[in-house]
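What follows is a short report on a single structure.
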Amino acid sequence: MAGRAAGGEKDPMGAKELGRRGEEAAAAYLMRRGYRVLERNYRVAPGEIDIIAEAADHTLVFAEVKTRRTTRFGRPSEAVDYRKQQKIITCARWYLQENRLQERYCRFDVIELNVHGEKATIRHIKGAFE
Amino acid sequence: MFAKTQGATTLGIDGRIIDVEVDVSNGLPGFELVGLPDASVKESKERVRTAIKNSGIALRQERVTVNLAPAEVRKDSAGLDLPIAVGLLAAYAVLPTEALAKALFAAELSLDGKCRPVSGVLPMAIAARERGLTELFVAAENADEALLIDGVKVYALHSLSELVHHLTGEAALVPAVPGQAAERAEAFSDDFADVQGQFQAKRALEIAAAGGHNVLMVGVPGSGKTMLARRMSSILPALTREEALEVTKIYSIAGLLPPGGGLVTERPFRSPHHTASQTAMIGGGSVPRPGEVTLAHHGVLFLDELPEFSKTTLEVLRQPLEDRRVTISRVHATLTFPSSMILVCAMNPCPCGYHGDATSGHTCECSPSEIRRYTQKMSGPLLDRIDIHIRVPHVKYQELSSRKKAEPSAAIRARVEKARAIESKRLAGAGIFCNAQMNHAMLMELCPVEGEAKTMLELAFQRLHLSARSYDRIIKVARTIADLAGEAHIGAPHIAEAIQLRGDVGLNVE
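Protein sequence lines, in the order shown, are assigned to chains A and B.
Just so you know, my numbering puts 79 at position 79 of the first sequence, and the rest follows in order with no gaps.
Just so you know, my numbering puts 1222 at position 222 of the second sequence, and the rest follows in order with no gaps.
Rendered as structure tokens:
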């Protein structure tokens, strides 16, 4: 998890801050692609979903954003392990229940950002898990 | 959307049609596979999805539920990959559902969407026909096997996309036709023409083949017991179509059919090593699979070095020998496998091998207690089920060096077939087909011993202190000998030869 890892005083920009900016960039990316962002940091008891968006075809997209400066510890998307997936799925259920959207098409995406200085490359994995 | 299709699995030696129901609905995406799938079937989820993707079909992620019915049958065939894939595509409306109503699908999928062969296609095809299904979609390698069944159209598939194009009507497949492989000329590599001498043993095997009797050969090392036994299947009558289908079914399930092989036309010859376990012999496993006795169905089970087999392995042979089928009970299933075979056993008379044979130039060095321990391994009840006991002596030099070819198997088989025809005519009403299968009552009714023969039997009975069981056995073997001679009544010479064939071979029988 970006927020808790590394960081420290030596780091000019903390991991938390990096993650936040990554989510920002991911949301902007989705909007550019014609998605309507419904929720940011949707937080409920079991956990949090970074972005909930609606695609042009009305599919609900639950996106997890992972930002990394280095691939030394593997690709960002690899950090979304089974436990994290289950957590996101539980949160998604929560959201669907709350908004009475159970009959909608859903999808779970992972958006990974690799940061190189001021630039970042975005990789959008649609339907990353289920 | 909902779609239903048919796949199959095997249970024992029978196929079982499995209804594959697929439902695709909105909501959280997921893939649920229910209906008692085995590990290999559970994994099909990944193969199916990847195969579909790599066949160039993109499916949006939805809530997918796959149900395999009936729910109480354990599904352990990788061949369910294809029906699941087809059901899924139909539920996504890629395929028309009407096309699936009368079809059975059985193939494993590879990740690139190719179809792989599975075992047990023949029994599945039989089950499909019984269910009234008319179209069979199998991997190309399995097509010949499926074609053994009449009345169904068989399609040989190479890939999933080929099937999709066929079902959508884009590019129809042509039903497969039987290949040349189906009618193979039988050529036995082992022929009795290669066996010099051993006339008595050959005669005994001929009688055994004619009457379906079990044989025990006792002889010194190198006397040719194994050589003789290996040629046993070459003198047995050719398999009838029904027998061949039954054997093919068993081999199909055991996964022992040669690649692209159709019908098994040769009688099986099984020769398990003496370290074989009880389970290897009669079958077993949590869902029981056929053992050696079943693989030898309609053929020959040859046990070389009989006393080296463990006692328990030998004792489990009693039921299959007696009932011609074996019932195996395990947690997941109780199954009955057929095991109608001729048992041929070979052994040395003692641990060193030379007991009671002066001609070979060796003298036996075993102590009486060693010999007793060696021969006692075979229990009376087991030996009782072996009708013919013979000694196979050392081969003489003159016989061995003879350039003259011995009688070929084909000639012997002609006589055997003639005798079998007489037998099956006599036994037609009883539902059995050879003399060895007669019980005491049938024996009394169908094989009267009269006149000279009766006197001789009486004499032998008193002189040799025969038991009731060996009395029956002698009559059975005598009947076969008479059938080989083409005689309607059992005569004195037949009885005399039969008595010889249960002669004392140094074992603790009676």
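We treat Cβ as the ideally placed atom computed from N, Cα and C, and that holds for glycine.
Under a CB-based cut-off of 8 Å, is residue i close to chain A?
i	result
Phe1002(B)	no
Glu1183(B)	At Glu1183(B) the pLDDT is 49, less than 50, meaning the model places this residue with poor confidence; the figure from the coordinates comes in the next sentence. Not an interface residue.
Arg1047(B)	no
Glu1062(B)	yes
Phe1269(B)	no
Ile1111(B)	According to the sequence displayed, residue 1111(B) carries Leu and not Ile. So, not an interface residue.
Ser1044(B)	no
Leu1028(B)	yes
Phe1105(B)	no
Gly1079(B)	no
Phe1337(B)	no
Phe1031(B)	yes
Could you round the C-beta distance between residue i and residue j to whole angstroms and report it? I think they count as a contact, below 8 Å.
i	j	result
Glu1135(B)	Ala1103(B)	4 Å
Leu1205(B)	Leu1228(B)	6 Å
Glu64(A)	Ile52(A)	Contact flag wrong, Cβ pair sits at about 11 Å.
Ala1171(B)	Ala1139(B)	Actually they are not in contact, since the Cβ atoms of Ala1171(B) and Ala1139(B) sit about 18 Å apart, beyond 8 Å.
Phe1337(B)	Gly1299(B)	Actually they do not touch by this definition, with Cβ atoms about 14 Å apart.
Cys1434(B)	Ile1490(B)	Going by Cβ atoms, the distance from Cys1434(B) to Ile1490(B) rounds to 16 Å, so no, they are not a contact pair.
Ala1276(B)	Met1341(B)	Not really, about 15 Å apart at Cβ, beyond 8 Å.
Leu1160(B)	Ser1055(B)	5 Å
Gln1278(B)	Thr1248(B)	That belief does not hold up - the Cβ atoms of Gln1278(B) and Thr1248(B) are roughly 26 Å apart, past 8 Å.
Could you check what DSSP says for residue i in three-state terms: helix, strand or coil?
i	result
Leu1236(B)	coil
Ala27(A)	helix
Leu1257(B)	coil
Met1(A)	Interpretation of Met1(A) is limited by its pLDDT of 43, a score under 50 that renders its predicted location unreliable; no figure is taken from the coordinates.
Glu1183(B)	Unreliable positioning characterises Glu1183(B) in this predicted model, as indicated by a pLDDT of 49, which lies under 50. A coordinate reading is not provided.
Ala1460(B)	helix
Phe1192(B)	helix
Ala1428(B)	helix
Glu1487(B)	coil
Cys91(A)	helix
Asp1384(B)	helix
Leu18(A)	helix
Gln133(A)	Here chain A comprises residues numbered 1 to 130, so residue 133(A) is not present and cannot be evaluated.
Pro1272(B)	coil
Val80(A)	coil
Nearest CA to the CA of residue i: which residue from the options?
i	options	result
Glu1098(B)	Ala1107(B), Val1086(B), Leu1109(B), Ala1106(B)	Val1086(B)
Ser1367(B)	Ser1379(B), Gly1361(B), Gly1353(B)	Gly1353(B)
Cys1345(B)	Arg1373(B), Ala1468(B), His1274(B), Pro1351(B)	His1274(B)
Leu964(B)	Leu1446(B), Ile1490(B), Glu1450(B), Gln1500(B)	In the structure displayed, chain B extends from 1001 to 1510; residue 964(B) sits before or after that span and is not available.
Gly1079(B)	Met1444(B), Ser1470(B), Pro1123(B)	Pro1123(B)
Ala1333(B)	Pro1290(B), Leu1245(B), Gly1429(B)	Pro1290(B)
Phe1199(B)	Met1001(B), Lys1396(B), Arg1502(B), Lys1476(B)	Lys1396(B)
Glu1072(B)	Leu1089(B), Asp1038(B), Leu1457(B)	Asp1038(B)
Val1287(B)	Glu1046(B), Phe1002(B), Ser1055(B), Ser1077(B)	Ser1077(B)
Gly127(A)	Asp109(A), Ser77(A), Ile49(A), Thr67(A)	Asp109(A)
Phe1461(B)	Arg1373(B), Ala1498(B), Ser1339(B)	Ala1498(B)
Ala1411(B)	Asp1019(B), Val1164(B), Val1022(B), Ala1193(B)	Ala1193(B)
Pro46(A)	Ala27(A), Ala92(A), Phe129(A), Glu103(A)	Ala92(A)
Arg20(A)	Asn41(A), Val37(A), Arg32(A)	Asn41(A)
Leu1157(B)	Ile1149(B), Ala1176(B), Thr1168(B)	Ala1176(B)
Ile1390(B)	Thr1279(B), Ile1328(B), Ser1044(B), Ser1223(B)	Ser1223(B)
Arg68(A)	Ala27(A), Glu130(A), Gly22(A), Ile125(A)	Gly22(A)
Ser1110(B)	Thr1050(B), Ser1025(B), Met1281(B)	Thr1050(B)
Lys1454(B)	Ser1271(B), Asp1472(B), Met1442(B)	Asp1472(B)
Can you find a CB in chain B that lies within less than 8 Å of the CB of residue i?
i	result
Tyr82(A)	no
Arg107(A)	yes
Glu64(A)	no
Arg93(A)	yes
Gln86(A)	no
Arg72(A)	no
Leu103(A)	Reading the sequence as shown, one finds Glu at residue 103(A) and not Leu. For Glu103(A), the answer is yes, since a Cβ of chain B falls inside 8 Å of its Cβ.
Gly127(A)	yes
Ile89(A)	yes
Val115(A)	no
Glu130(A)	yes
Which residues does DSSP list as the beta-bridge partners of residue i?
i	result
Cys1345(B)	Leu1216(B), Leu1303(B)
Pro1290(B)	Gly1283(B)
Ala1106(B)	Val1138(B)
Arg43(A)	Glu48(A)
Val115(A)	Ala120(A)
Lys1075(B)	Pro1037(B)
Ala1058(B)	DSSP lists no partner for Ala1058(B).
Lys1153(B)	Glu1135(B)
Lys1004(B)	Glu1021(B)
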